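**Student:** Take this structure, written in structure tokens, and hold onto it; I'll ask about it next.
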Amino acid sequence: MAKDIASETSIYARRESNARSYCRSFTASFDTARGSELFTEDGTRYIDFLAGCSSLNYGHNDPDMKDALVEHILKDGITHGLDFHTEAKEAFLHAFNDLILAPRNMDHRVMFTGPTGANAVEAAMKIARKVTGRTNIISFTNGFHGVTMGALAATGNGYHRGGAGMDKSGVTRMPFEGYVEGLDSAAMLDKMLSDPSGGIDAPAAILLETVQGEGGLNAASGDWVRKIAQVARDHGALLIVDDIQAGCGRTGTFFSFDEMGVVPDLVTMAKSVSGFGLPMALVLVRPEYDVFGPAEHNGTFRGNTHAFVTARVAIEKFWADDAFASELARKSDLVTSALQEVAGHIPGAVLKGRGLMQGVDVGSGELAAEICARAYELGLVIETSGPHDEVVKVLAPVTTSEATFCEGFAILSVAARDVIARTKIAAQ
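Residues in the sequence shown are numbered from 629 upward in steps of one, following our numbering.
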């Protein structure tokens, strides 16, 4: 049995801040991890359907990335490089250009920010404001972009916004696709921006996620994203796609917008961009918008050379051809089918998301939490999403084997059945 360290006498309860979060739900002490599996100190195994909130898309301790990183460390390779030229950064940039940007005819430059998604979002917003001379950013309901002040202003979640302690200005929030049934929110935005009395200041940028990871797995259609891109062009705004959680294969392609017929002006990336779970973040910027002067947006840890090493291996291993994307398409179908079975146990449940970023809206946060808690008891780590935490969200490593996927979904089905049965008994 896994050692449980939830007791108030533990060092975590006594010394770690109350801001700690995931360890409150997953109380085991984890020690090792491989692929899609986590192991505690005593060897208890858990299947990981959380993957570091999509920071471990390629799984825990990928052997090729690990070998390259160990080799780099053993030769006393650079660890901290600020923004020096290093062999590791050069190799990453070549791989990223040749295998990611060039095949998509993207001429974007790569700006390394401080190694968090929020920092990348802050940088993108600053670039848009400097380019246009405008302040206003359009973001969307249920969007999540980080909890630093600028990114938080664009984030919809009231709980996180409440922690700011000060005004969060410079952002206008509009309805995401499907937020109001029957509303064409892209047409509405265009109309309001075209009307001198529409009440919205001319925007520097329109910022969106194609799949809202924390907002409930709301997936935008390609048609809607194309309309929003056109609105941005028509009104002199930059289009920023936040691909921090939805990128790096999570939706089935490297970029979540790959099959939508749009090329954003700026793209923010973090989480799985390092491939190995190491801190790394970047902004892709069209050359004409690469307007920051030297160190105008800097960060001490923007040169995480260890992350450059593993990121290069990830790109070369998984994205050198179309084979991996084809594999992800098959796995996406598997996930959809398995979640349909899970949803069948829950009255009124609805599937959300796309690709390998899917989940089940069970109708209430309480029910979703109970299902996830029961799944954890049975050996599956999985979390919730949505404004009321009502979506049971699957973020398994995209490299998860079919057998492990099936095992994990079998646990989730049992958890759903157990909780629904318990709920029915309690109601009698």
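Ideal Cβ placement from N, Cα and C applies to all residues, glycine included. Note that the structure is a prediction, hence the values are computed from the model and not measured.
I'd like the list of long-range same chain contacts for residue 896, defined as Cβ closer than 6 Å, with 5 residues on each side in sequence excluded.
**Tutor:** Around residue 896: 748, 749, 752, 870, 872, 911.
**Student:** For residue 1039 and residue 1006, which I take to be in contact (beta-carbon distance under 8 Å), what is that distance rounded to the nearest angstrom?
**Tutor:** About 5 Å; that satisfies the 8 Å criterion.
**Student:** If residue 982 sits next to residue 847, beta carbons under 8 Å apart, how far is it from one beta carbon to the other, in whole angstroms?
**Tutor:** Confirmed, about 5 Å.
**Student:** Let me check one thing: in DSSP terms, what residues is residue 658 bridge-paired to?
**Tutor:** Bridge partners of residue 658: 668.
**Student:** Starting from residue 956 and walking both ways along the alpha helix (DSSP H), at which residues does that stretch end?
**Tutor:** That run of the alpha helix (DSSP H) goes 951-971.
**Student:** Going by C-alpha distance, which of 977, 1037, 828, 724 is nearest residue 763?
**Tutor:** If we check each option's Cα against that of residue 763, 828 comes out closest.
**Student:** CB-CB under 7 Å to residue 999, same chain, minus the five flanking residues each way: which ones, in chain order?
**Tutor:** Same-chain partners within the cutoff: 990, 1020, 1043, 1044, 1047.
**Student:** Helix, strand or coil for residue 989? Go by DSSP, reduced to three states.
**Tutor:** It is a strand residue.
**Student:** For the structure I just gave you, are there three or more beta carbon pairs, one from the stretch 897-907 and one from the stretch 850-862, closer than 8 Å?
**Tutor:** No, because fewer than three Cβ pairs between the stretch 897-907 and the stretch 850-862 fall closer than 8 Å, the two stretches do not touch.
**Student:** Based on Cα-Cα distance, which residue from 694, 737, 674 lies nearest to residue 920?
**Tutor:** Of the listed residues, the one whose Cα sits closest to residue 920 is 737.
**Student:** So what does residue 741 bridge to, in DSSP terms?
**Tutor:** Answer is none; residue 741 lacks a bridge partner.
**Student:** Taking Cβ to Cβ, would you say residue 739 is nearer than 8 Å to residue 913?
**Tutor:** Contact: yes.
**Student:** If we require 4 or more residues per run, which alpha helix (DSSP H) segments fall completely within the stretch 831-888?
**Tutor:** Qualifying alpha helix (DSSP H) stretches, in chain order: 850-862.
**Student:** Expressed to the nearest angstrom, what Euclidean distance is found between the alpha-carbon atoms of residue 644 and residue 655?
**Tutor:** Each residue's Cα considered, the two are about 14 Å apart.
**Student:** My output table needs one value for residue 913: the three-state DSSP class, helix, strand or coil.
**Tutor:** Three-state result, residue 913: strand.
**Student:** Comparing C-alpha positions only, which one of 697, 1004, 661, 964 sits nearest to residue 687?
**Tutor:** It is 661.
**Student:** What residues in its chain sit with their C-beta under 7 Å from that of residue 729, if we drop five residues either side in the sequence?
**Tutor:** Closer than 7 Å at the Cβ level, and outside the excluded window around residue 729, lie 736.
**Student:** Who pairs with residue 984 in a beta bridge, going by DSSP?
**Tutor:** In DSSP, residue 984 forms no bridge with anything.
**Student:** Only counting the same chain, and skipping five residues up and downstream in sequence, which positions put a Cβ closer than 6 Å to that of residue 966?
**Tutor:** Cβ within range, chain order: 1037.
**Student:** Using only alpha-carbon positions, find the residue among 809, 803, 810 that is nearest to residue 605.
**Tutor:** Residue 605 falls outside the range modelled here, since the chain spans only 629 to 1056, and no answer is possible.
**Student:** Return yes when the Cβ of residue 927 is within less than 8 Å of the Cβ of residue 741, no when it is not.
**Tutor:** Yes, they are a contact pair.
**Student:** Going by beta carbon distance, what residues of the same chain come within less than 7 Å of residue 962, once the five residues before and after it are set aside?
**Tutor:** Contacts found: 1030, 1033.
**Student:** Note down, in chain order, each residue of its chain lying with its Cβ closer than 6 Å to the Cβ of residue 855, except the 5 sequence neighbours on either side.
**Tutor:** Only 814 meet the Cβ criterion.
**Student:** If we count the other Cβ atoms within 10 Å of its Cβ and call it buried at 16 or more, is residue 698 buried or exposed?
**Tutor:** Looking at its Cβ environment, which holds fewer than 16 other Cβ atoms inside 10 Å, residue 698 is exposed.
**Student:** What does the alpha-carbon distance come out to for the pair residue 984 and residue 881?
**Tutor:** Computed Cα separation, rounded: 10 Å.
**Student:** Within the continuous alpha helix (DSSP H) that includes residue 1053, where are the two ends?
**Tutor:** Where residue 1053 is concerned, the enclosing alpha helix (DSSP H) stretches over 1030-1055.
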